[in-house]
Amino acid sequence: MDPLPCLTGLFVGKNKLSGAIDHVCVLTGLRHLALFETLFTGSIPPQLPSCLSHLTLLSLEKNQLTGIIPEDIGALAQLRVLNLSFNQLTGPVANSICELKLCEEIDLSHNELDGFIPARIGDLGERLMWLHLSHNSLDQSLPDSIYELTQLEELNISSNKLNGVVDFRVRAFLNLEFLGLSGNRFTFIDKESVFSLPLLCDYN
């Protein structure tokens, strides 16, 4: 039973609180959960997506969280913002993340994630504006479906181990303002075409 059934937002940040975050899973009415720039440790509870299914904001950046991203993170069907950056998360990017079709911002940067970017990443759809996956250990090539994210304003996949051919088609990224590709092993079909993106103002 939820001890605080009327609580819809929990914002705890920029302090020295520590310990695991498992207990937040009893707050089933939450829509906004932000535990940022603290000293929380342990893993993201695997039951979190099913217990907190009404979340529209999940912000756990700049902690000391370890372990994997919950496999059923996609169960957070109402999520608009997902920020798990600056932790010590390992393992792959969960395939179910591609089911977050209402998400506008996803930031998984500055972790220790490995494996490949999910082939269905394009399923995130036209609401997604920010996708930050930089400073991990992701490898293999970019999935073709990434070009389906036509509303992206920021795409940062720098400082990984990605490889393969990159073809940034002007038609695909007309809204792109920031693009981070450095620190990978890409081969470009036409590197200069990047500078034809009409709104691009920052590129590395």
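Residues in the sequence shown are numbered from 3 upward in steps of one, following the working numbering. Backbone N, C-alpha and C define an ideal beta-carbon position, used for all residues, glycine too.
Restricted to the stretch 11 to 62, the beta strand (DSSP E) segments that are unbroken, complete and at least 3 residues in length are 11 to 15, 34 to 38, 41 to 45 and 59 to 61, listed in chain order.
The alpha-carbon separation between Leu201 and Gln153 amounts to approximately 12 Å. Distance check between Asn162 and each of Ser136, Leu50, Ile71 and Phe38 places Ser136 closest, using alpha-carbon atoms only.
Nearest C-alpha to Ile70 among Glu150, Pro7, Leu91 and Thr40: Leu91. Membership of Gln66 in the beta strand (DSSP E) is indicated by the continuous run Gln66 to Thr68. Of the candidates Val83, Gly117, Thr30 and Arg33, the residue whose Cα lies closest to the Cα of Arg129 is Val83. In this structure, Gly31 lies away from Leu59, with their beta-carbon atoms at least 9 Å apart. For Asp74, the closest C-alpha among the options Thr40, Leu102, Ser143 and Phe180 is that of Leu102.
Cβ contact annotation for Asn177 (same chain, cutoff 7 Å, sequence separation greater than five): Gln153, Leu154, Glu155 and Leu201, in chain order. Looking from the CA of Phe88, the closest CA among Glu106, Val28 and Glu63 belongs to Glu63. Pairing Phe118 with Ser20, the inter-Cα distance amounts to about 32 Å. Nearest to Thr189 by alpha-carbon distance, out of Ser198, Leu164 and Cys203, is Leu164. In the structure shown, Leu115 adopts extended strand secondary structure according to DSSP, grouped into three states. One alpha carbon belongs to His56, the other to Lys18, and they sit about 28 Å apart.
Counting other Cβ atoms within 10 Å of its Cβ, Asn206 stays below 16 and is therefore classed as exposed.
Taking C-beta atoms as the reference points, Leu35 and Val26 count as a pair closer than 9 Å. Cβ neighbours of Pro48 within its own chain (closer than 7 Å, five residues either side excluded): Pro72. Linking Asn158 to Leu110 through their CA atoms gives a straight-line distance of about 10 Å. For Glu155, no beta strand (DSSP E) run applies, since DSSP gives it neither H nor E.
For the options Leu67, Leu50 and Gly182, the alpha carbon positioned closest to that of His134 is the one of Gly182.
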